[in-house]
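The sequence shown lines up with residues 3 to 56 when you count with my numbering. For every residue, glycine included, the Cβ atom is placed at its ideal position computed from N, Cα and C. Here the structure is a predicted model, which means the values were calculated and not measured.
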Amino acid sequence: MENEMLDLVMKSNFAACNAIRAGKLAEAERWSRVAQRYVDILTKLKRWRAKPSP
Numbered sequence: 003m004e005n006e007m008l009d010l011v012m013k014s015n016f017a018a019c020n021a022i023r024a025g026k027l028a029e030a031e032r033w034s035r036v037a038q039r040y041v042d043i044l045t046k047l048k049r050w051r052a053k054p055s056p
């Protein structure tokens with residue numbers, strides 16, 4: 003699951019870069035927010051997996 007999420011982060015970042023190159027700043031902002039959301043989810047998942055089981 004982590005690999006798939008990382009792949010989505012990379013694709014979102016590339017989409018944001020492509021939108022910036024095309025001059026579509028609103029679209030770039032949306033893709034940037036999507037990428038950040040995926041990073042937040044990955045961070046939470048990593049923390050959750052690092053917690054010891056009671």
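Bounding residues of the alpha helix (DSSP H) (the contiguous stretch that carries residue i)
| i | result |
| --- | --- |
| MET7 | 4 to 23 |
| SER34 | 27 to 52 |
Residues near residue i in its chain [Cβ-Cβ closer than 8 Å; skip 5 each side]
| i | result |
| --- | --- |
| ILE43 | MET7 |
| ALA24 | none |
Option nearest residue i by Cα separation, candidates the options
| i | options | result |
| --- | --- | --- |
| MET12 | GLY25, GLN38 and ALA24 | GLN38 |
| SER14 | VAL41, LYS46 and LEU47 | VAL41 |
Same chain, Cβ closer than 7 Å to residue i, neighbours up to 5 away in sequence not counted
| i | result |
| --- | --- |
| ALA18 | ALA30, TRP33, SER34 and ALA37 |
| ALA52 | none |
Buried or exposed (CB count within 10 angstroms, at least 16 for buried), residue i
| i | result |
| --- | --- |
| SER55 | exposed |
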